[in-house]
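Chemist: Sending over a structure as structure tokens; questions will come in a sec.
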Amino acid sequence: MRKSSMQRKRRRVALEKAFERPFRTFERISSNGGLMLLFVGTIALIWANSPLQELYTYLMEEFHVSISLESDAGGFGVGMHSIHWINDGLMTLFFLMAGLEIKREMLAGELANFKQAILPIFAAVGGMVVPIIIYKLFSFDMSAEAIGGWGIPMATDIAFSIGILSLLGDRVPLSLKVFLTALAIVDDLGGVLVIALFYTSQINFTYLAIALAFFGVLSILNLVFNVEKLLPYLLIGCVIWYFMLQSGIHSTIAGVLVAITIPLRTKITSTAFIDGIQEVLPRLSVLKKGNKEGRFTTVVLNEEQVDGVRTIHNLVKNVQSPLQFLENSLHEVVNYFVLPLFAIANSGVIVYNYASDIQPELFSIVTVAIAVSLFVGKTVGITLFSWFAVKLKLADKPAGSSWHTMMGMGMMGGIGFTMSLFIASLAFVDPDVLTQAKLGIFIGSTLSGVCGYFYLRYSIARDEKNNAQSIPAEAE
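Mapping to the numbering used here: the sequence shown position 64 is 64, numbers consecutive.
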């Protein structure tokens with residue numbers, strides 16, 4: 001009986017570690033990706049205002065790339081400038097990854113349980129609604145085009161926010177990191193809906209119907225035929241992207257549609273995985289070692305051990321769903337390639353125009369509205385709506401946190417870099433207004449990041465002190 005209890009305990013601890021390890025990996029990749037975004041964004045800003053400004057403008061806005069497929073039956077093709085290939089093409093991978101994260105969290109993660117999900121959902125809604133209200137308050141002196149930028153300050157950049165949070169190290173409770181991640185994921189879902197509904201040009205319903213028909217095909221592959229190979233989903237996904245691009249709805253939405261259809265099923269349960277690993281490990285406990293050469297050791301496996309390694313490989317493969325495999329595969333590609341390219345293409349705010357004596361107007365009511373909406377709106381919205389959720393007894397604060405800490409998390413939510421720049425590129429056609437919007441995003445995101453870091457540092461130290469003082473009191 002005791003042995004059975006110990007086995008259950010070991011199994012539970014193993015499962016907890018299995019859950020925590022992917023989150024730690026995600027946190028590390030996101031934090032490093034945030035630092036890389038900061039670096040390449042700074043490089044783009046310097047490049048766009050250097051004597052090489054003309055080269056930057058040519059590569060991003062004038063360099064045209066076309067891809068076409070021709071056959072006897074006809075053909076089709078896509079031709080866009082490089083900035084549009086990045087924003088409309090590569091960023092589809094970002095939205096695919098975001099869609100996979102949303103689906104996983106809603107089916108089996110922090111958003112699957114109502115009690116767990118309600119706090120980040122409330123916080124995310126507040127972090128979207130309040131910034132929009134504040135932006136609208138500034139719209140009395142805006143042009144018609146500028147008023148359309150209300151969706152810009154509603155976004156949270158998960159890579160940047162997790163990156164700055166990581167600077168505080170292990171002092172930040174895991175519950176707060178999970179809260180911020182879940183909040184950003186709900187925020188991404190809100191951003192996707194806003195882009196699809198409000199930042200869409202004239203719709204071609206024929207192309208849209210074709211795209212949705214292929215989406216139906218992917219759904220059938222998953223739900224009816226239980227197809228788990230990723231290749232059919234990705235190939236048909238490219239077709240959906242093309243027809244979505246032609247339909248007028250922003251093509252990156254194709255990434256979300258494909259993500260919805262990727263299976264979350266595994267071939268074996270986590271319990272069977274752990275049992276299988278424990279069964280194989282004794283076979284690998286003693287390995288025959290060869291001579292050491294430098295810091296490397298030659299390891300020779302016998303036939304039984306090779307079979308054990310093959311078994312472990314199959315167990316690892318079968319315990320991971322296609323959705324999680326694709327999500328994990330995309331993290332590094334998106335954080336270290338797609339988003340840095342996006343930052344280079346979209347962060348080049350031209351402060352000094354070498355080609356003309358006429359300098360762009362940098363500051364306007366749009367700049368102020370976006371900066372205030374991000375910094376003040378996110379802080380107030382996230383904190384206030386979280387407070388409502390707790391006071392209504394729908395949710396609990398993250399373990400070991402105070403309302404000071406929650407306000408610091410609200411400030412971190414005001415880092416809207418990636419998605420804010422993306423929505424700005426959809427909202428504004430006038431290059432001067434777009435430049436003013438970008439500057440507002442930089443100011444608001446910088447204020448949120450810097451103030452959020454120092455306020456969180458203060459509030460976490462305050463929480464640690466209060467928690468330390470409460471322990472002796474409870475012991476008495």
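Glycine included, C-beta positions come from ideal geometry on N, C-alpha and C.
Quick caveat, the model's predicted, so the values are computed rather than measured.
In whole angstroms, give me the CA-to-CA distance for residue 109 and residue 353.
Modeler: Taking the sequence shown and counting its residues from 1, the one referred to as residue 109 is at position 109. Taking the sequence shown and counting its residues from 1, the one referred to as residue 353 is at position 353. For residue 109 and residue 353, the distance between alpha carbons rounds to 49 angstroms.
Chemist: I'd like to know if the segment 388-396 and the segment 162-181 are in contact, where contact means that at least 3 CB-CB pairs between them fall below 8 angstroms.
Modeler: Contact between the segment 388-396 and the segment 162-181 is absent, because fewer than three Cβ pairs lie under 8 angstroms.
Chemist: Counting along the chain, where does the alpha helix (DSSP H) carrying residue 51 start and finish?
Modeler: Working through the sequence shown from its first residue, we reach residue 51 at position 51. From DSSP, residue 51 is part of no alpha helix (DSSP H); its letter is neither H nor E.
Chemist: Return yes when the Cβ of residue 345 is within less than 9 angstroms of the Cβ of residue 86, no when it is not.
Modeler: Here residue 86 refers to the residue found at position 86 when the sequence shown is read from its first residue. Here residue 345 refers to the residue found at position 345 when the sequence shown is read from its first residue. Cβ atoms of residue 86 and residue 345: closer than 9 angstroms.
Chemist: When the Cα atoms are used, what is the spatial distance from residue 305 to residue 316?
Modeler: Taking the first residue of the sequence shown as position 1, residue 305 is located at position 305. Taking the first residue of the sequence shown as position 1, residue 316 is located at position 316. If I take the Cα positions, the gap works out to 16 angstroms.
Chemist: Applying the criterion that 16 or more other CB atoms from any shown protein chain within 10 Å of the CB defines a buried residue, is residue 220 buried or exposed?
Modeler: By 1-based counting over the sequence shown, the position of residue 220 is 220. Exposed: under 16 other Cβ atoms inside 10 Å.
Chemist: Mind checking which residues open and close the alpha helix (DSSP H) that includes residue 108?
Modeler: Within the sequence shown, the letter at position 108 stands for residue 108. Residue 108 -> alpha helix (DSSP H) spans 91-108.
Chemist: Along the chain, where does the alpha helix (DSSP H) containing residue 85 start, and where does it finish?
Modeler: For the purposes of this step, residue 85 is taken as the residue at position 85 of the sequence shown. No alpha helix (DSSP H) contains residue 85, which DSSP labels as neither H nor E.
Chemist: Assuming contact is defined by CB atoms lying nearer than 9 angstroms, are residue 420 and residue 157 in contact in what I supplied?
Modeler: Taking the sequence shown and counting its residues from 1, the one referred to as residue 420 is at position 420. Taking the sequence shown and counting its residues from 1, the one referred to as residue 157 is at position 157. Yes, the pair counts as a contact, with Cβ atoms nearer than the cut-off.
Chemist: Which residue wins for smallest C-alpha separation from residue 208, given the options 99, 239 and 183?
Modeler: Indexing the sequence shown from 1 puts residue 208 at position 208. Here the closest residue by C-alpha is 239.
Chemist: Could you give the DSSP three-state label for residue 402: helix, strand or coil?
Modeler: Residue 402 sits at position 402 when you count from the first residue of the sequence shown. Of the three classes helix, strand and coil, the one that applies to residue 402 here is coil, per DSSP.
Chemist: Use the C-beta contact count for residue 133: other C-beta atoms within 10 angstroms, 16 or more gives buried, fewer gives exposed.
Modeler: Mapped onto the sequence shown, residue 133 falls at position 133. Residue 133 is exposed by the Cβ-count criterion.
Chemist: Is it true that the CB of residue 427 sits closer than 9 angstroms to the CB of residue 145?
Modeler: Sequence index remark: in the sequence shown, residue 145 carries index 145 (1-based). Sequence index remark: in the sequence shown, residue 427 carries index 427 (1-based). Against a cut-off of 9 angstroms, the Cβ pair of residue 427 and residue 145 comes out as a contact.
Chemist: Tell me which residue opens and which closes the alpha helix (DSSP H) that residue 136 is part of.
Modeler: One-based indexing of the sequence shown puts residue 136 at position 136. Where residue 136 is concerned, the enclosing alpha helix (DSSP H) stretches over 114-137.
Chemist: Is residue 370 closer than 9 angstroms to residue 262 when the C-beta atoms are compared?
Modeler: For the purposes of this step, residue 262 is taken as residue 262 along the sequence shown, with counting starting at 1. For the purposes of this step, residue 370 is taken as residue 370 along the sequence shown, with counting starting at 1. No.
Chemist: By Cβ distance, which residues of its chain are closer than 6 angstroms to residue 276, with the 5 residues on each side in sequence left out?
Modeler: Counting from 1 along the sequence shown, the entry for residue 276 is found at position 276. Cβ within range, chain order: 315.
Chemist: I think residue 204 touches residue 248, with their Cβ atoms under 8 angstroms apart; what is that distance to the nearest whole Å?
Modeler: Counting from one through the sequence shown, the residue named residue 204 turns up at place 204. Counting from one through the sequence shown, the residue named residue 248 turns up at place 248. Their Cβ separation, rounded to whole angstroms, is 5 angstroms, which keeps residue 204 and residue 248 in contact under 8 angstroms.
Chemist: Name the two residues that bound the continuous alpha helix (DSSP H) containing residue 154.
Modeler: Here the question's residue 154 lines up with position 154 in the sequence shown. Note, residue 154: premise wrong, no alpha helix (DSSP H); not H, not E.
Chemist: Please report the straight-line C-alpha distance between residue 182 and residue 118, rounded to a whole angstrom.
Modeler: The sequence position of residue 182 within the sequence shown is 182, counting from 1. The sequence position of residue 118 within the sequence shown is 118, counting from 1. Roughly 10 angstroms between the two C-alpha positions.
Chemist: For a minimum of 3 consecutive residues, which ranges assigned as the beta strand (DSSP E) are wholly contained in the segment 148-217?
Modeler: For the segment 148-217, not a single whole beta strand (DSSP E) run of length 3 or above is found.
Chemist: Since residue 40 and residue 437 should fall inside the 8 angstroms C-beta cutoff, what is the C-beta to C-beta distance between them, to a whole number of angstroms?
Modeler: As a working mapping, residue 40 is identified with position 40 in the sequence shown. As a working mapping, residue 437 is identified with position 437 in the sequence shown. Not really, about 20 angstroms apart at Cβ, beyond 8 angstroms.
Chemist: Examine the Cβ distances between the segment 399-415 and the segment 443-455 and report whether three or more of them are shorter than 8 angstroms.
Modeler: Output reads yes: the segment 443-455 touches the segment 399-415.
Chemist: Can you tell me where the alpha helix (DSSP H) with residue 260 in it begins and where it stops?
Modeler: Translated into positions along the sequence shown, residue 260 becomes position 260. Per DSSP, residue 260 belongs to the alpha helix (DSSP H) from 253-261.
Chemist: Among 274, 302 and 194, which residue has its Cα nearest to the Cα of residue 284?
Modeler: Along the sequence shown, one-based indexing puts residue 284 at 284. Nearest of 274, 302 and 194 to residue 284, Cα basis: 302.
Chemist: Cα separation between residue 120 and residue 155?
Modeler: Here residue 120 refers to the residue found at position 120 of the sequence shown. Here residue 155 refers to the residue found at position 155 of the sequence shown. Computed Cα separation, rounded: 14 angstroms.
Chemist: When the Cα atoms are used, what is the spatial distance from residue 151 to residue 127?
Modeler: Taking the sequence shown and counting its residues from 1, the one referred to as residue 151 is at position 151. Taking the sequence shown and counting its residues from 1, the one referred to as residue 127 is at position 127. One C-alpha to the other measures close to 12 angstroms.
Chemist: On the three-state DSSP scale, how would you describe residue 347?
Modeler: Here residue 347 corresponds to residue number 347 of the sequence shown, with the count starting at 1. The answer is coil: DSSP assigns residue 347 none of H, G, I, E or B.
Chemist: Looking at the structure shown, is residue 76 part of a helix, part of a strand, or coil, going by DSSP?
Modeler: As a first step, residue 76 must be located in the sequence shown, where it is residue number 76. Strand.
Chemist: What residue range is occupied by the uninterrupted alpha helix (DSSP H) comprising residue 313?
Modeler: Stepping through the sequence shown from its first residue, residue 313 is reached at position 313. Where residue 313 is concerned, the enclosing alpha helix (DSSP H) stretches over 303-319.
Chemist: So, helix, strand or coil for residue 331, using DSSP?
Modeler: Translated into the one-based positions of the sequence shown, residue 331 becomes position 331. In the structure shown, residue 331 sits in a helix (DSSP, three-state: H, G or I).
Chemist: Could you tell me the alpha carbon to alpha carbon distance between residue 328 and residue 46, rounded to whole angstroms?
Modeler: Within the sequence shown, numbered from 1, the residue matching residue 328 stands at position 328. Within the sequence shown, numbered from 1, the residue matching residue 46 stands at position 46. Roughly 33 angstroms separates the two Cα atoms.
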